[in-house]
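Numbering (our numbering), first residue to last: 41 to 121.
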């Protein structure tokens, strides 16, 4: 799933026969994805202790308030056990 997201631009360039060159200020630096699209790859990377995960551990992500509350509740329950 992640590979498909990462290779989209390359595939698009192959389809059109040319690569669009964008100015640095026009390039998108963020994408919106569903958690379900990236969670399997992230889970595998964490369990496999992939070094690249640490490269992004200081990056901020945006999650819905209700998901954040569920995660906090889960952490409290896990720590109480």
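We treat Cβ as the ideally placed atom computed from N, Cα and C, and that holds for glycine. Keep in mind that this is a model prediction, so the values were computed, not measured.
For residue j and residue i, the rounded distance between their alpha carbons
i: residue 121; j: residue 107; result: 21 Å
i: residue 113; j: residue 69; result: 31 Å
Beta-carbon proximity of residue i to residue j, cut-off 8 Å
i: residue 93; j: residue 86; result: yes
The alpha helix (DSSP H) enclosing residue i, as first and last residue numbers
i: residue 77; result: 75-87
i: residue 116; result: 105-120
Backbone secondary structure at residue i - three-state DSSP
i: residue 101; result: coil
i: residue 71; result: coil
Identity of the residue in the options nearest residue i by Cα
i: residue 76; options: 117, 115 and 103; result: 103
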